[in-house]
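Enquirer:
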Amino acid sequence: MKPEDGLIFFDRHQSRRPKVILNLLKNKLTVSALYGGLEYGLLNYIGFWKKLDRQEFLNSLDQAVKMGYLTGERDALKLTEREAQQQSRVLPPPEASLRVKFDPAIKLWLMATQVVSEYSFKNTRYIPISEDSQINFMVKKWFANWKQSETSRPKLVQEYQQALGALCEQLPKEEADWFANYLPNHHDLGLTVEQLARVNNVSPFQMELRLRLIFRKIFSSVINNQVTPFNQLIGMVVQPSVLPKSTWQTLQLLQKGYNVDKIAELRRVKINTVKEHLLMMAILLDDFPYQQFLSPGVAQMKIAGIDFQTALQEYPELTFFDFRLSQIRFIKERQRQ
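Take any residue in the sequence shown, note its place counting from 1, add 374, and you have its number in my numbering.
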């Protein structure tokens with residue numbers, strides 16, 4: 375990684391912790407990571423890059439500090455004024471794609487594209503680009519079901535090409551070209567990230583970043599618009615909620631009317647674990663029932679923008695759960711304005 379590669383995740387006016395950013399990208403979802411992601415406006419990057427090398431990322435930031443791109447202390451960094459003026463803005467991934475298991479979805483898409491391309495040339499002897507047996511099984515199942523719904527090979531191939539073309543038309547031309555060149559076909563396996571990076575004179579990190587953003591856009595469009603035949607394909611790796619699995623299970627019990635103590639008993643976990651799940655829900659869901667967990671007295675406390683120890687001096691009865699939940703509500707209200 376180059377020193378400037380990770381700067382997209384930083385801001386001129388807000389100090390951000392690199393380890394929080396890494397945990398979001400790699401899907402290590404603690405309450406602390408999610409709260410930081412909410413503060414930084416980076417929640418849409420959850421699970422965006424699970425295989426990103428942690429040490430390489432941190433080393434590149436150390437170099438960025440030495441070169442004057444970033445400044446800060448105690449593992450909290452922000453862009454220098456010079457770098458903030460030069461930094462190009464890249465739009466974050468869309469929210470709708472957060473429920474998609476991202477890396478498996480990319481593998482499914484690439485494998486499906488290869489299968490349809492080879493099918494269009496009546497080629498039954500080729501080496502699958504994926505060595506993942508589960509991905510291969512899902513693509514076979516999807517393709518077999520889809521073939522049953524079509525009357526002929528040309529019609530099936532045409533439907534795939536038209537749907538893919540319509541999705542690409544929604545992208546800027548440059549992004550559509552990158553995406554098309556990355557996809558495998560009958561003649562070759564597509565350009566690698568490194569090859570695309572050389573052609574476009576950017577680092578491999580920047581190229582993969584942009585490809586991943588493109589895939590997130592594509593998946594979001596497929597989900598929102600139910601684009602056939604891709605909706606059935608990507609539907610295989612869509613999760614029921616943006617919440618981590620254990621938190622989602624707690625939500626199911628909460629919606630049945632159980633209180634915190636009963637949920638802890640039923641799930642055989644600590645009460646504090648259930649409260650952590652509640653904080654995650656408040657961060658990730660738009661319809662969290664704050665009034666159910668914050669008393670009117672706590673809700674009226676003025677604790678925005680201060681730390682817990684400072685808040686305790688003013689409100690000795692305040693618990694950390696109430697403090698953090700109040701902060702989450704305040705941040706969300708501010709971001710909606």
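By construction, the Cβ of each residue, glycine as well, lies at the ideal position given by its N, Cα and C atoms.
Would you tell me roughly how many angstroms separate the C-alpha atoms of residue 619 and residue 503, rounded to the nearest one?
Expert: If you number the sequence shown from 1, residue 619 lands on position 245. If you number the sequence shown from 1, residue 503 lands on position 129. C-alpha separation (whole angstroms): 30 Å.
Enquirer: In the structure shown, what three-state DSSP assignment does residue 452 receive?
Expert: Translated into positions along the sequence shown, residue 452 becomes position 78. Here residue 452 sits in strand by DSSP.
Enquirer: Just curious, the alpha helix (DSSP H) that residue 545 is in, first and last residue?
Expert: What you label residue 545 is simply residue 171 of the sequence shown in a count that begins at 1. Careful: residue 545 lies outside any alpha helix (DSSP H) and carries neither H nor E.
Enquirer: Just confirm the distance between the C-beta atoms of residue 588 and residue 597, as a whole number of angstroms; I'd bet it's less than 8 Å.
Expert: The residue you call residue 588 lines up with position 214 of the sequence shown. The residue you call residue 597 lines up with position 223 of the sequence shown. Not quite, the Cβ-Cβ distance comes to about 15 Å (not below 8 Å), so this is no contact.
Enquirer: Give a yes or no on contact between the region 631-640 and the region 384-399, applying the rule of three or more CB pairs nearer than 8 Å.
Expert: By the Cβ criterion, the region 631-640 is not in contact with the region 384-399, since fewer than three pairs of Cβ atoms, one from each stretch, lie closer than 8 Å.
Enquirer: Taking the straight line between their C-alpha atoms, what separation do you get for residue 557 and residue 519?
Expert: Start at 1 with the first residue of the sequence shown, and residue 557 comes out as number 183. Start at 1 with the first residue of the sequence shown, and residue 519 comes out as number 145. C-alpha separation (whole angstroms): 23 Å.
Enquirer: How far does the alpha helix (DSSP H) with residue 411 in it extend, from its first residue to its last?
Expert: Within the sequence shown, residue 411 is the residue found at index 37, counting from 1. 405-414 is the span of the alpha helix (DSSP H), which, as asked, contains residue 411.
Enquirer: Starting from the Cα of residue 599, find the closest Cα among 684, 385, 671, 470 and give me that residue.
Expert: Taking the sequence shown and counting its residues from 1, one reaches residue 599 at position 225. Closest by alpha carbon: 470.
Enquirer: What would DSSP say about residue 734, mapped onto helix, strand or coil?
Expert: As shown, the chain starts at 375 and ends at 711. That puts residue 734 outside it, with no answer to give.
Enquirer: So, using beta-carbon positions, are residue 513 and residue 593 closer together than 9 Å?
Expert: Against the sequence shown, residue 513 aligns to sequence position 139. Against the sequence shown, residue 593 aligns to sequence position 219. With respect to residue 593, residue 513 sits apart: the two C-beta atoms are not nearer than 9 Å.
Enquirer: Could you tell me whether the Cβ atoms of residue 559 and residue 491 are closer together than 9 Å?
Expert: As a position in the sequence shown, residue 559 is number 185, starting the count at 1. As a position in the sequence shown, residue 491 is number 117, starting the count at 1. Their beta carbons are under 9 Å apart, which means residue 559 touches residue 491 by this criterion.
Enquirer: Quick one: what does DSSP say residue 647 is sitting in, helix, strand or coil?
Expert: On the sequence shown, residue 647 is found 273 positions in, with the first residue counted as 1. Three-state result, residue 647: helix.
Enquirer: For the region 422-509, which segments carrying the beta strand (DSSP E) assignment without a break, of at least 3 residues, lie completely within its bounds, in sequence order?
Expert: 444-447, 450-453
Enquirer: Per DSSP, which one or two residues make a beta bridge with residue 612?
Expert: Here residue 612 refers to the residue found at position 238 of the sequence shown. Residue 612 pairs with 474.
Enquirer: Helix, strand or coil for residue 668? Go by DSSP, reduced to three states.
Expert: On the sequence shown, residue 668 is found 294 positions in, with the first residue counted as 1. It is coil, neither helix nor strand.
Enquirer: How about residue 688 and residue 676: are their beta carbons less than 9 Å apart?
Expert: Residue mapping note: residue 688 aligns to position 314 of the sequence shown, counting from 1. Residue mapping note: residue 676 aligns to position 302 of the sequence shown, counting from 1. Taking 9 Å as the Cβ cut-off, residue 688 and residue 676 qualify as a contacting pair.
Enquirer: Do you know offhand how far residue 428's Cα is from residue 690's?
Expert: Locating residue 428 in the sequence shown gives position 54, counting from the first residue. Locating residue 690 in the sequence shown gives position 316, counting from the first residue. Taking the straight line from one Cα to the other gives about 39 Å.
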